[in-house]
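Some notes on the structure that comes next.
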Amino acid sequence: MFLQYWKAEVECGEDTIEVVFLTESVFQGRIYVVGHSNDERCVSRDTGRQTTSITVRKDQCGVSITRSVSSFIIA
Numbered sequence: 001m002f003l004q005y006w007k008a009e010v011e012c013g014e015d016t017i018e019v020v021f022l023t024e025s026v027f028q029g030r031i032y033v034v035g036h037s038n039d040e041r042c043v044s045r046d047t048g049r050q051t052t053s054i055t056v057r058k059d060q061c062g063v064s065i066t067r068s069v070s071s072f073i074i075a
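Laid out in structure tokens, this is it:
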């Protein structure tokens, strides 16, 4: 069994959300927004490195942002 350890960093811009994944080993695969894997705007194929990311616009890929006093939820 192969275990992949990683951590994610989220950067919220004015119009976009970027998630950067830092992996223990070289990443091979694709990252996509659930339910939008066939939409090229919602997919990243950044493979072959230990750092990979996906950036999506806040008005695409089914992104819904809910703000509150102490946090927000990306759903």
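Note that the UniProt record's numbering has the sequence shown beginning at 1, numbered continuously upward.
By construction, the Cβ of each residue, glycine as well, lies at the ideal position given by its N, Cα and C atoms.
Bear in mind the structure is a predicted one, so any value in this text is a computation, not a measurement.
{"Asked": "State the DSSP-derived secondary structure class of Glu24, mapped to helix, strand or coil.", "Found": "coil"}
{"Asked": "Counting along the chain, where does the beta strand (DSSP E) carrying Arg57 start and finish?", "Found": "Thr51 to Arg57"}
{"Asked": "Which one or two residues does DSSP pair with Cys42 in a beta bridge?", "Found": "According to DSSP, Cys42 bridges with nothing at all."}
{"Asked": "Pull up the distance between the alpha-carbon of Asp39 and that of Ile31, whole angstroms please.", "Found": "12 Å"}
{"Asked": "By Cβ distance below 7 Å, which residues in the same chain neighbour Gly35 in space, the five residues on each side in sequence not counted?", "Found": "Gly62"}
{"Asked": "For Ile65, is the classification buried or exposed, using 16 other Cβ atoms within 10 angstroms of its Cβ as the cut-off for buried?", "Found": "exposed"}
{"Asked": "How would you write the range of the beta strand (DSSP E) that Cys61 sits in, first residue to last?", "Found": "Where Cys61 is concerned, there is no enclosing beta strand (DSSP E), given that its DSSP letter is neither H nor E."}
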